[in-house]
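Asker:
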Amino acid sequence: MKNLYVIILILITIFCSGFDITISYQPTVEKLESIFKSVMPLKCGIVYTKVPRGLIISIDEKCFFNKGEVRIKESSLDILDAISGQLAQLSNYCVIENHTEEHDFNENWELSVSRASNLAEYMIKYKKLPVEKVFSLGYGETMPFKDNVAPQNGMDSRIDFVIIEYEAKR
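Under the numbering used here, the first residue of the sequence shown carries the number 90, and numbering increases by one thereafter.
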């Protein structure tokens with residue numbers, strides 16, 4: 090019995106002194122929603138949707154871009170700063186998905202990819218988020234909001250910030 094106590098004491102000593110043990114905590118989707126709601130500026134319609142992959146923060150595309158342009162509006166930088174600030178404090182990854190319906194299919198897709206990339210680039214370059222933490226995707230018009238998620242005359246042209254709730258690798 091004494092040997093068991095000695096072994097336990099040795100193991101405790103080794104783990105406490107020689108190893109850096111960290112326990113990571115992934116907040117639940119509800120916790121993520123509350124975190125982001127507390128810091129998001131009250132402008133443009135924001136829809137929060139809980140899905141198996143995490144939390145989707147959907148914001149009307151008009152908040153970020155003028156029609157047919159890929160340059161980010163200065164007036165939307167406070168939204169990007171709020172999202173970036175929280176992502177910097179969390180271990181979660183973020184996928185920026187752009188959905189647009191302004192032109193024909195090929196132009197929508199190209200515009201969508203460029204807009205999502207510009208948002209990700211801003212967050213990486215100016216807000217110093219690690220490049221492996223932010224992904225960008227453009228969907229064009231291929232993934233409209235469903236009636237049960239979006240308000241009437243929903244936001245088919247939108248930016249989705251998907252805060253991933255599971256570990257992702259790039």
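Glycine included, every Cβ here is placed at the ideal spot set by N, Cα and C.
Please read these numbers as outputs of a predicted model, since none were measured by experiment.
For Lys162, name the three-state secondary structure that DSSP assigns.
Answerer: One-based indexing of the sequence shown puts residue 162 at position 73. In this structure, Lys162 counts as coil in the three-state DSSP scheme.
Asker: For Asp149, name the three-state secondary structure that DSSP assigns.
Answerer: On the sequence shown, residue 149 is found 60 positions in, with the first residue counted as 1. If DSSP states are grouped into helix, strand and coil, Asp149 belongs with the strands.
Asker: Put Tyr211 into one of helix, strand or coil per three-state DSSP.
Answerer: Translated into the one-based positions of the sequence shown, residue 211 becomes position 122. In this structure, Tyr211 counts as helix in the three-state DSSP scheme.
Asker: Hey, could you find the ends of the beta strand (DSSP E) Leu121 is sitting in?
Answerer: Along the sequence shown, one-based indexing puts residue 121 at 32. No beta strand (DSSP E) holds Leu121; the alpha helix (DSSP H) holding it covers 118-128.
Asker: Where do the ends of the beta strand (DSSP E) carrying Arg247 lie?
Answerer: Locating residue 247 in the sequence shown gives position 158, where the first residue counts as 1. 247-253 is the extent of the beta strand (DSSP E) around Arg247.
Asker: Specify the secondary structure class of Cys180 as computed by DSSP and reduced to three states.
Answerer: On the sequence shown, residue 180 is found 91 positions in, with the first residue counted as 1. Looking at the sequence itself, residue 180 is Ser, so the reference to Cys does not match. Coil at Ser180, not helix or strand.
Asker: Sort Ser225, Leu218, Ser246 by Cα distance to Gln178 and report the nearest one.
Answerer: On the sequence shown, position 89 is the one that residue 178 refers to. The option with the nearest alpha carbon to Gln178 is Leu218.
Asker: Within the same chain, show all residues whose beta-carbon is closer than 7 Å to that of Trp198, passing over the 5 residues directly before and after it, in chain order.
Answerer: One-based indexing of the sequence shown puts residue 198 at position 109. These residues qualify, in order along the chain: Gly227, Gly229.
Asker: Identify every residue that forms a DSSP beta bridge with Ser201.
Answerer: Here residue 201 refers to the residue found at position 112 when the sequence shown is read from its first residue. Ser201 pairs with nothing; no bridge assigned.
Asker: Using a Cβ distance threshold of 8 Å, determine whether the segment 126-142 contacts the segment 167-182, with at least three qualifying pairs required.
Answerer: The segment 126-142 is in contact with the segment 167-182.
Asker: Cβ of Gly143 within 8 Å of Cβ of Val251?
Answerer: As a position in the sequence shown, residue 143 is number 54, starting the count at 1. As a position in the sequence shown, residue 251 is number 162, starting the count at 1. Yes.
Asker: In this structure, what does DSSP give as the bridge partners for Gly157?
Answerer: Looking up residue 157 in the sequence shown gives position 68. DSSP lists no partner for Gly157.
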